[in-house]
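**Student:** Structure in structure tokens, see below.
Residue numbers (the working numbering), protein chains in the order written: chain W, 24 to 420; chain D, 3 to 343.
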């Protein structure tokens, strides 16, 4: 008998395949839901109730559309029904997310609350906080922005100086947040702040997360206009803002750990692959409608599809691992790095395809594509720069 | 990592034991001995590569991911196709070489009362000089034939990838078995099988590059301490993850909506990843990686050889682009196509 197999248990073939759960079946088993979402968006576009946009998460703000999604049960889909969710699988959420972002639907109003704030509440929030906020979010009525970056702490997040001190009523918040998307139209901000002095050995210690009502006295929101002319960024000043004790989310001093968990939700999803897809879909349609599409332009389209396919599979794997309760920080960082470099490259491939279209077609598409080129540099910055994402992954290698 | 990681790791362990056994010995006839070892470890028949049912192809692909963790230099990819084409007609665990459709060849067939014969030539058929049987296209559409190597004349040489290849001549050689499968289907399964093998090789290349970067010191500190080196290896690791995930998904080819398009995607992804991963690995290793005495050079040679099997990533992209035009001409949107794959 051949001796190299001693001590090695070789798998029995058919069981291994069925037990692995590999392949795309779990994601393909939702065609009805996917089709419902697709049809709904097509109807909204046809009736001119919504206008597709590139990078719809910061750019597309439409509370009435968010409320419609809420009525359909497509926000907070994985949350327990007692908090207004549907109790569906993460795969269902993945399908809904993909359809909305690929179509460029205006999801910016509720997105952060649905993607980051809600899951974090469920993970570390109190029962009372969940009851207070989750049903409103799931109805598409409560919006939240993220308070992480500061003027002197962008990628170096642990260098934040915004601080909360214990007051008679709960907390007193002082400091300044910047590049806060949609703070001017959100009711809440989830603020990462210092609740203990920085430790020399590890600055990540002593941080906490507070839920801040942006209508409170002492909050000043100033607009910051982006390169593409849009207003979604803001600077948010906190001057002695008085917060109740239950504004604390999770555990005091665990803010860094909680934020990392939150960032994994931000980084691992399909929206980090598809921001520029609406531009590709539009231009490719015009290309494919040509009597004889040039091979070079077809190959540019094909290159995008190949990479989108691969990145989607990685994102799906991340979702599966989240479902298994694994730490997905490195996987989510890999998905976002591959995905956002791809999103940026897609914009350039779209410009390449455009060059092969007749002049009259090009003119009609120029505004949409030009806007995409002005949004593209942000893809590899927001939610963690390429360099941060690679450093996060390097720790796991 | 996928749920079947432990199964692939078990196959890697078996592979390392087999390949390690021959690397220090004389190379004479090592291929047939190694083949017998793989067969004895039940990695070729009985649940290994000898698949007869499309469901089993998924498992064959897992075997290939494990078995190409080393410089395996055996036609295991081809073996995964043989049972698919010939079902029970091919001997179990047969050592079989494969005349790819794009190999230079001129083969003619004759059907006689006592059976079929084949005459003609094919040049540079990988591993044919060291295997027992050879597969080639049949004379009728969508047919494939099997002949005994012992019934052919073969001149053996070694190609630039280090493979023993044979220039085959046949003259009234008896056909042992005839199988039926479209050329496109064989190519589709072949592309997926190769993509899986490539992901296995890339996994090892990445692991040894990270290990080297952590051990090798320059400027008084390990290479790993330089962020630029670390980030390059992260890029390689992302591509290895993607090649692995896409090859696992495409191994489920029997259940895809379009076998051909899915296989082209898998080969495009693995092929372009191989170029970048190979370049980064060599860059991190420096000159030593280019030497024959160092294992990386053997793995790179295998990876780049596989990159061209059943169509390079460039050929696959061209074919995929044509398919894109054809699928979407009926009004199917790009997004509908992507989500259906």
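Virtual Cβ for every residue (Gly too), placed ideally from N, Cα, C.
Where residue 339/D and residue 294/W are concerned, what is the direct C-alpha to C-alpha distance, given to the nearest angstrom?
**Tutor:** Their Cα atoms are separated by approximately 18 Å.
**Student:** Could you have a look at residue 24/D and say whether DSSP puts it in helix, strand or coil?
**Tutor:** Here residue 24/D sits in helix by DSSP.
**Student:** Any Cβ of chain D within less than 8 Å of the Cβ of residue 62/W?
**Tutor:** It does not; no Cβ of chain D falls within 8 Å.
**Student:** Which residues does DSSP pair with residue 216/W in a beta bridge?
**Tutor:** In the DSSP output, where bridge partners are listed per residue, residue 216/W has 231/W.
**Student:** Look at the alpha carbon of residue 363/W and the alpha carbon of residue 186/D, and state the distance between them as a whole number of angstroms.
**Tutor:** Between residue 363/W and residue 186/D, the C-alpha separation is close to 34 Å.
**Student:** Take residue 320/W and list the residues in its own chain whose beta-carbon comes closer than 6 Å to its own, dropping the five residues that flank it on each side.
**Tutor:** The residues are 310, 376 and 379.
**Student:** Residue 355/W and residue 290/W: beta carbons closer than 8 Å?
**Tutor:** Contact: yes.
**Student:** Using a threshold of 8 Å, state whether the C-beta atoms of residue 172/W and residue 255/W are closer than that.
**Tutor:** Result no, Cβ atoms of residue 172/W and residue 255/W do not sit closer than 8 Å.
**Student:** If the cut is a Cβ gap below 8 Å, which residues of chain D does residue 97/W touch?
**Tutor:** Here the premise fails: no neighbours, minimum Cβ distance about 17 Å.
**Student:** Among 198/D, 87/D and 176/D, whose alpha-carbon lies nearest the alpha-carbon of residue 146/D?
**Tutor:** The option with the nearest alpha carbon to residue 146/D is 87/D.
**Student:** Can the beta-carbon of residue 57/W be found closer than 8 Å to that of residue 122/W?
**Tutor:** Against a cut-off of 8 Å, the Cβ pair of residue 122/W and residue 57/W comes out as a contact.
**Student:** Whole angstroms is fine: what's the gap from residue 271/D's alpha carbon to residue 280/D's?
**Tutor:** If I take the Cα positions, the gap works out to 14 Å.
**Student:** Could you tell me which chain W residues have their CB closer than 8 Å to the CB of residue 323/D, listed as they occur along the chain?
**Tutor:** In chain order: 318, 321, 322, 324 and 325.
**Student:** Measure the alpha-carbon distance for residue 336/D versus residue 259/D and round it to whole angstroms.
**Tutor:** When rounded, the distance between both Cα atoms is 15 Å.
**Student:** How long is the line joining the alpha carbons of residue 37/D and residue 239/D, rounded to whole angstroms?
**Tutor:** Taking the straight line joining both Cα atoms gives about 31 Å.
**Student:** Tell me the DSSP bridge mates of residue 111/D?
**Tutor:** 120/D, per the DSSP bridge assignment.
**Student:** Report, in whole angstroms, the separation of the C-beta atoms of residue 417/W and residue 243/D, which I expect to be a contact under 8 Å.
**Tutor:** 14 Å between Cβ atoms; not a contact.
**Student:** Within this structure, are the beta carbons of residue 337/W and residue 114/D separated by less than 8 Å?
**Tutor:** Result no, Cβ atoms of residue 337/W and residue 114/D do not sit closer than 8 Å.
**Student:** Determine the contact status of residue 98/D and residue 77/D, defining contact as a CB-CB distance below 8 Å.
**Tutor:** Going by C-beta atoms, residue 98/D is nearer than 8 Å to residue 77/D.
**Student:** Could you tell me whether the Cβ of residue 384/W comes closer than 8 Å to any Cβ of chain D?
**Tutor:** So no, residue 384/W is outside the interface.
**Student:** Hey, would you say residue 173/D sits closer than 8 Å to residue 262/D, going by beta carbons?
**Tutor:** Not a contact, by the Cβ cut-off of 8 Å.
**Student:** Got a sec: is the Cβ-Cβ distance from residue 199/W to anything in chain D below 8 Å?
**Tutor:** With 8 Å as the cut-off, residue 199/W does not count as an interface residue toward chain D.
**Student:** Kindly say whether residue 332/W, judged by its beta-carbon, lies nearer than 8 Å to any beta-carbon of chain D.
**Tutor:** Yes, its Cβ sits closer than 8 Å to a Cβ of chain D.
**Student:** Rounded to whole angstroms, what is the Cα-Cα separation between residue 135/W and residue 409/W?
**Tutor:** The straight-line gap from Cα to Cα measures roughly 21 Å.
**Student:** If you compare alpha carbons, which of 302/W, 292/W and 185/W is closest to residue 126/W?
**Tutor:** For residue 126/W, the nearest C-alpha among the options comes from 302/W.
**Student:** Output, in chain order, the set of chain W residues within a Cβ distance shorter than 9 Å of residue 37/D.
**Tutor:** Residues of chain W passing the Cβ test: none, with the nearest at roughly 12 Å.
**Student:** In angstroms with no decimal places, state the Cα-to-Cα distance between residue 83/W and residue 398/W.
**Tutor:** So the two alpha carbons sit approximately 13 Å from each other.
**Student:** Considering just the uninterrupted stretch of the beta strand (DSSP E) at residue 465/W, what are its terminal residues?
**Tutor:** Examination of residue 465/W is not possible in this model, given that chain W is present from 24 through 420 alone.
**Student:** Please list, in chain order, the chain W residues whose beta carbon lies closer than 7 Å to that of residue 410/D.
**Tutor:** Not covered by the structure: residue 410/D. The range shown for chain D is 3 to 343.
**Student:** For chain A, find out if any of its Cβ atoms is closer than 8 Å to the Cβ of residue 360/W; answer yes or no.
**Tutor:** Reference to chain A is not applicable here, since the protein chains of this structure are W and D.
**Student:** Could you tell me the alpha carbon to alpha carbon distance between residue 300/D and residue 227/D, rounded to whole angstroms?
**Tutor:** In a straight line, the C-alpha of residue 300/D is about 27 Å away from that of residue 227/D.
**Student:** Could you give the DSSP three-state label for residue 157/D: helix, strand or coil?
**Tutor:** Three-state result, residue 157/D: strand.
**Student:** With 8 Å as the threshold, decide whether the Cβ of residue 65/W is near any Cβ in chain D.
**Tutor:** No, no contact with chain D.
**Student:** Whose CA, out of 108/D, 304/D and 256/D, lies closest to the CA of residue 273/D?
**Tutor:** Measuring from the Cα of residue 273/D, the nearest candidate turns out to be 304/D.
**Student:** Closer than 7 Å by beta-carbon distance: list the chain W residues that pair up with residue 110/D, in chain order.
**Tutor:** Those do not exist, as residue 110/D stays about 35 Å from chain W at its closest Cβ, beyond 7 Å.
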